[in-house]
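**Q**
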Amino acid sequence: MSKFFNEMFQSDAVRPPYARLEDWVATMPTELRSLKQAEAEELFRRIGITFAVYGEGGDPDRLIPFDMFPRVFSALEWHRLERGIKQRARALNAFLADVYGRAEIIKAGRIPGHLVWRNDAFEKAVVGITPPKGVYSHIVGIDLVRTGPDDFFVLEDNCRTPSGVSYMLENREIMMRMFPELFHRNRIEPVENYPALLRRTLASVAPAKCDREPCVVILTPGHFNSAYYEHSFLADLMGVELVEGQDLFVEGEFVWMRTTEGPRRVDVIYRRVDDAYLDPLCFRPDSMLGVPGLMDIYRAGGVSICSAPGAGVADDKAVYTYVPDMVRFYLGEEPILKNVPTWQCARPDELKYVQENLGELVVKEVHGSGGYGMLVGPMATKEQIAAFRAKITADPDNYIAQPTLALSTVPTFVDQGVAPRHVDLRPYCLVGERIELVPGGLTRVALTEGSLVVNSSQGGGVKDTWVLAE
Amino acid sequence: MRLTVQHESIYRYDKPVRGVVQSHRLTPARFDGQQVETWEVRVSGGQQGGEFRDGAGDWVQGWTIPGPISKITVTVSGTIQTSDLAGVLRGHRELVAPAVYLRDTLPTVPDIALSDLAASASGADGLALAHALAAAVGEAIAYRPGVTHAHTTAAEALALGEGVCQDHAHALIACARLRGMPARYVSGYLHSDSDGQGHEAAHAWAEVHVEGLGWVGFDPANRCCPDERYIRLGSGLDARDAAPIRGIARGNGAEHLDVMVAVVAQQQ
Amino acid sequence: MLSRTADNLYWLARYMERAETAARFLEVGGRIALLPNVGQGNRNEWDALLLAAGTADAFKRRYGDAVQRNLESHLFFDHDNPFSVANCITRARENGRIVRTALTTQVWDALNTSFQELRALERLPRSELTLTRLTDWTMRATALVRGAIDATQLRNDGYDFLNIGYHLERADNTARLLDVKYYVLLPRIDLVGSGLDNYQWTTLLRALSVHRAFHWAYGGEVTAAKIAHFLTLNRQCPRALISCIEGANHHLDRLARGYGRSTPAQGAVRSLLAELAETNTELIFDEGLHEFLTRFIRDVSTLGMRIGDSYLSGDQR
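Chains as they are written, first to last, in numbering that gives the first Met the number 0: chain A, 0 to 469; chain B, 0 to 267; chain C, 0 to 316.
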């Protein structure tokens, strides 16, 4: 018996959310399966063709392997997750409002000041500026893993501009086209209103000076950016302009967009550009991607920027440890979602523990992402562990360690049929005038047997994520 | 002291540019040591954008100047009452935590010489140490215009042993941070008496955060703390961050800048 | 619409039309090369083509002699030549990619397929590629994109910018092709109307895919005056200067109506159209065809700048 929680089978019984999938797999002939898999890939190309860059040297970043076996949550399971995610999103925003204001949580000694003040993501320029509705992080992507029926852990928070939501939408689209009967048999909550909700969320944080239907745009670094596909996908589904820095300029108290009908005022900028590149006048002077003068307009309340510059200070891996404290401090509630226990290598006693137990731990860089610069102890060779030990000793502040979690598995199509593979989950929580969460998210799956790394750069794939209606 | 300021910056472009955006910190914020009586900033052909007090307590104004344009004049004129607080920035409203100013930026990254200089100073308490650091910087870098430029770092200026107020300020900031004291760059004006040493009226110095006392100004170039001759405009992590005028022109005309500043004491 | 989006659509169209013209130049050159030497020989005619394409200097620097293979390299494959088919198709596709969501799937598909096929052609050994294959492929690829635009694009401002690009480029290119013929292929007045000259005129019509249309329209002897009329002032001819300017005028008009305001671009296109409408071949020959064409090319370029200032740069208020 595996030590991993299988989301479909428990002691050979099928868990209720997956009840109607047992038949589906059992009765699917092998030929049909490979036919469908080919069809899925063709559909991806066709939909992807709409946006993706294919045939450009290697192959599209778009074609991350898609697994047809869905990942399913019951209404009850989701209800609890939803409460936990929304709670966390509120706490993270309260934290940001606080550290860019009076910093009560630091004064109260609940989080060490240096983690905030000396953090590279902390932007001095926005201290004392309150964005509309007090929201800093408008799209909070919370990475979750599951280890048991009721055990969910937050791996990390993404408060800046979490990506991947286009996969959530496309995966569903593909599944509905290929297996309409599944959607008749199961009552699955829709996710397709996400772009509309995102647009509404962004419009709800238009600046007070905006006295009409807000003009929302998406700011992209440009068509050479690896996520350009997602930017143009979202802009298209939301019905808003996809702009580059050169399309915007400031004049007087506002930001304007260059159009064929003359300048048009822009009220809300959903930026997919890093803080450092937003405004060469305020941040990196060599940035060609940004809009000179943008920050002055923003700080004077002439435009909204989503997420707010400086929002990254809340999703730092060192600050992560304190999110449960934030929930208690700002909301006076007990956190619904648990953190993974985390050792800070910056603390000598914890560093010692980490060094002695590298074989059992997952070690990550504080500012790293994408599964790079990471050590998975139980999967690593002696040499890899030794090399990592040297790296940690050289720069302990740069590393944190966590226990290797027993990630849950979901049945996944493999060459030999169907087999369990490890998964995680990233839901996208929208924070504006209201807090909204579409029932679903991005399930990433480690396609290699036994692998716990779900990142697409390291052999990960994606699945459609279902939430069943009550 | 009652000081009047007349400050004119003329930007000329050899080819007309398509437009200019500027961000100003040209209006002194109020604190116990300075109270503005009248103050006005004008920009030829400019349109005033947003204005606000930032987290560091400085008054920021955005301006846009639509093109095509080949000459822009920024004029500051005003009268202000100042008093000597021995450099202590009392009564200044700000929200940024001092610890934020422990961060180094390019011009203040320390090298071995700066570390040695910082280690050479000693004081019984924070204030004494800050004074000692300022004195050490004043000793180590002689005032001499023309040898350094806008992008000279503290380490480079120290190696040269010469520089201007900007270099002194950067060096003191680097040293103070090395000793664990938050420090920042301040830009402003300085009134020189008739027997003054000929420093330019546009001036810069440093502030060091002293536990229990708050921010205290030090002017290593003049080996003193800011008094009633000083007018404080704005602060930042380094000279660029604290610049009174930051601007970007759209277009490829080369820029030429002429600055005239006069700070005159009024009869009281 | 974003000015940058309009700019990308406009240039997508211009590059596609330019690719087609480059192929036509190749075809004219190839046919002329089949003629016996006239005057200084057919090398001279190739020079004229390169002159018209505006790439004569670049060609000389890079290749020296105007031999057929070099010309194919230059006009088809050379990515450093802004006028080459390869460069135009690549640039058109790049412009399209940036504004992917402003195009229909069919248009993008046609555009992207052209690009992929081009890359496949570039990988083939040159011995397998005849001049005809290269020019036929280009005509088909450009026609596919053009057809997809006409059949599937929404009739919005984006459609207008695409068409303005097509019409302006075509006006410029027809004038240049015509100028080659007149400017260089008539070195001596006594050759006008001779059999050889007829053959050259016919080649030009053929290259513009209008030689049969010409005969339908005029019948009888081919004369310089008839050809000049057909290619400048005959509204039936899709490549005639007047047809191109009428097209540009139509789409600029639509923009002015749609946006509820006129710009200097509308003024510029209207005065250009008025001039064409009022002139005739006699007046043109009085002025000198070459002089007339040079002036026209300059006017079209000015019109392009007005369109740029008014719509594409985003600088206008």
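Ideal Cβ positions, reconstructed from N, Cα and C, are used throughout, including at glycine.
What residue range is occupied by the uninterrupted alpha helix (DSSP H) comprising Asp83/B?
**A** Taking the first residue of the second sequence as position 1, residue 83/B is located at position 84. That residue, Asp83/B, is in no alpha helix (DSSP H); it is neither H nor E in DSSP.
**Q** Going along the chain, which residues of its own chain have a beta-carbon closer than 7 Å to the beta-carbon of His228/C, five neighbours each way excluded?
**A** As a working mapping, residue 228/C is identified with position 229 in the third sequence. Within the same chain, His228/C has close Cβ partners Thr280.
**Q** Can you pull the chain A residues whose beta carbon is under 7 Å from the beta carbon of Glu50/B, in chain order?
**A** Here residue 50/B corresponds to residue number 51 of the second sequence, with the count starting at 1. Within 7 Å Cβ-Cβ: Ala299.
**Q** In angstroms with no decimal places, state the Cα-to-Cα distance between Lys351/A and Cys281/A.
**A** Residue 351/A sits at position 352 when you count from the first residue of the first sequence. Residue 281/A sits at position 282 when you count from the first residue of the first sequence. Roughly 41 Å separates the two Cα atoms.
**Q** In three-state DSSP terms, what is Ala253/B?
**A** Along the second sequence, read from residue 1 onward, the residue named residue 253/B stands at position 254. Coil, per DSSP.
**Q** Runs of 3 residues minimum, wholly inside the stretch 372 to 409 of chain A: which ones carry the beta strand (DSSP E) assignment?
**A** 398 to 402
**Q** For Met256/A, which residues in chain C fall below 7 Å Cβ to Cβ?
**A** Reading the first sequence from its first residue, position 257 is the one you call residue 256/A. Listed by position along chain C, the residues whose Cβ is nearer than 7 Å to that of Met256/A are Leu1.
**Q** Taking Cβ positions only, does Glu229/A come closer than 8 Å to chain C?
**A** Counted from its first residue, the first sequence places residue 229/A at position 230. Not closer than 8 Å to any Cβ of chain C, the Cβ of Glu229/A fails to qualify, so no.
**Q** Taking the beta carbon of Ile268/A as the centre, do at least 16 other beta carbons fall within 10 Å, making it buried, or is it exposed?
**A** Translated into positions along the first sequence, residue 268/A becomes position 269. Its Cβ being crowded by 16 or more others within 10 Å, Ile268/A is buried.
**Q** Output the distance between the C-alpha atoms of Thr173/C and Phe213/C, rounded to the nearest integer angstrom.
**A** Counting from one through the third sequence, the residue named residue 173/C turns up at place 174. Counting from one through the third sequence, the residue named residue 213/C turns up at place 214. When rounded, the distance between both Cα atoms is 15 Å.
**Q** Quick one: is Arg17/C buried, meaning 16 or more other Cβ sit within 10 Å of its Cβ, or exposed?
**A** Translated into the one-based positions of the third sequence, residue 17/C becomes position 18. Buried, since its Cβ has 16 or more Cβ neighbours within 10 Å.
**Q** Quick check on Glu227/B: does DSSP put it in helix, strand or coil?
**A** Numbered from its first residue, the second sequence carries residue 227/B at position 228. Per DSSP, reduced to three states, the secondary structure at Glu227/B is coil, with no helix or strand assignment.
**Q** Closest Cβ-Cβ distance between Val249/A and chain B: below 8 Å?
**A** Numbered from its first residue, the first sequence carries residue 249/A at position 250. For Val249/A, the answer is yes, since a Cβ of chain B falls inside 8 Å of its Cβ.
**Q** Can you find at least 3 beta carbon pairs, one from the stretch 88 to 101 of chain B and one from the stretch 71 to 80 of chain B, that sit closer than 8 Å?
**A** no
**Q** Is it buried or exposed, Val40/B, if we count other Cβ atoms within 10 angstroms and call 16 or more buried?
**A** Here the question's residue 40/B lines up with position 41 in the second sequence. Per the 10 Å Cβ criterion, buried.
**Q** Could you give the distance in angstroms between the alpha-carbon of Gly195/B and the alpha-carbon of Ile172/B?
**A** One-based indexing of the second sequence puts residue 195/B at position 196. One-based indexing of the second sequence puts residue 172/B at position 173. Residue placement at Gly195/B is flagged as unreliable, the pLDDT there being 49, under the threshold of 50; a coordinate-derived value is accordingly withheld.
**Q** Can you give me, in chain order, the residues of the stretch 397 to 414 of chain A that have a beta carbon less than 9 Å from any beta carbon in chain C?
**A** none
**Q** Flag Ser22/B as yes if its beta-carbon sits less than 8 Å from any beta-carbon of chain A, otherwise no.
**A** On the second sequence, residue 22/B is found 23 positions in, with the first residue counted as 1. So yes, Ser22/B belongs to the interface.
**Q** On the three-state DSSP scale, how would you describe Leu1/C?
**A** By one-based count along the third sequence, residue 1/C stands at place 2. DSSP, reduced to helix, strand and coil, places Leu1/C within a strand of the structure shown.
**Q** For a quick check, are the C-beta atoms of Val417/A and Arg70/A less than 8 Å apart?
**A** Here residue 417/A corresponds to residue number 418 of the first sequence, with the count starting at 1. Here residue 70/A corresponds to residue number 71 of the first sequence, with the count starting at 1. No, they are not a contact pair.
**Q** Taking only beta-carbon atoms, is Asp477/A less than 8 Å away from chain C?
**A** Because chain A is modelled from 0 through 469, residue 477/A falls outside the range shown and cannot be assessed.
**Q** When the Cα atoms are used, what is the spatial distance from Asn241/A to His230/A?
**A** Mapped onto the first sequence, residue 241/A falls at position 242. Mapped onto the first sequence, residue 230/A falls at position 231. According to the sequence as given, residue 241/A is Leu; it is not Asn. Going from the Cα of Leu241/A to the Cα of His230/A covers about 7 Å.
**Q** With distances taken from CA atoms, which of Gly287/C, Phe76/C and Thr112/C is nearest Glu93/C?
**A** Position 94 of the third sequence, counted from the first residue, corresponds to residue 93/C. It is Thr112/C whose Cα lies nearest to the Cα of Glu93/C.
**Q** For Lys59/C, which of helix, strand or coil comes out of DSSP?
**A** Residue numbering aside, residue 59/C sits at position 60 when the third sequence is read from its first letter. DSSP places Lys59/C in helix when its eight states are reduced to three.
**Q** Would Ile296/C and Arg175/C be called neighbours here (beta carbons separated by less than 8 Å)?
**A** Here residue 296/C corresponds to residue number 297 of the third sequence, with the count starting at 1. Here residue 175/C corresponds to residue number 176 of the third sequence, with the count starting at 1. Cβ atoms of Ile296/C and Arg175/C: closer than 8 Å.
**Q** Please state whether the Cβ-Cβ distance between Gln105/C and Ala142/C is less than 8 Å.
**A** Working through the third sequence from its first residue, we reach residue 105/C at position 106. Working through the third sequence from its first residue, we reach residue 142/C at position 143. Contact: no.
**Q** For chain A, find out if any of its Cβ atoms is closer than 8 Å to the Cβ of Ile370/C; answer yes or no.
**A** Shown here, chain C extends from 0 to 316; a query on residue 370/C therefore has no answer.
**Q** Under 8 Å between beta-carbons, which chain C residues line up against Ala234/A? List them in chain order, please.
**A** The residue you call residue 234/A lines up with position 235 of the first sequence. Those are Thr100, listed as they occur along chain C.
**Q** Can you tell me the Cα-Cα spacing of Val239/A and Leu153/C, whole angstroms?
**A** In the first sequence, the residue the question calls residue 239/A occupies position 240. In the third sequence, the residue the question calls residue 153/C occupies position 154. If I take the Cα positions, the gap works out to 17 Å.
**Q** Report the partner residues of Glu435/A according to the DSSP bridge assignment.
**A** On the first sequence, residue 435/A is found 436 positions in, with the first residue counted as 1. Glu435/A pairs with Leu429/A.
**Q** For Gly61/B, list the residues DSSP reports as bridge partners.
**A** By 1-based counting over the second sequence, the position of residue 61/B is 62. Beta-bridge pairing links Gly61/B to Ser22/B.
**Q** If you run the structure through DSSP and keep just helix, strand and coil, what is Asp58/A?
**A** Locating residue 58/A in the first sequence gives position 59, where the first residue counts as 1. Reliability of the predicted coordinates at Asp58/A is poor, the pLDDT of 42 falling under 50, and no value is obtained from them.
**Q** So with CB distances below 7 Å, who are the chain B contacts of Ala12/A?
**A** Locating residue 12/A in the first sequence gives position 13, counting from the first residue. Going along chain B, no residue has its Cβ under 7 Å from Ala12/A, so there is no contact; the nearest lies around 56 Å.
**Q** Quick one: grab the DSSP three-state call for Ile244/B.
**A** Walking along the second sequence from the start, residue 244/B turns up at place 245. The answer is strand: DSSP assigns Ile244/B an E or B state.
**Q** Exposed or buried, what is Arg211/C when buried is set at 16 or more other beta-carbons lying within 10 Å of its beta-carbon?
**A** Mapped onto the third sequence, residue 211/C falls at position 212. Per the 10 Å Cβ criterion, exposed.
**Q** Between the stretch 189 to 203 of chain A and the stretch 434 to 443 of chain A, do at least 3 Cβ pairs fall closer than 8 Å?
**A** yes
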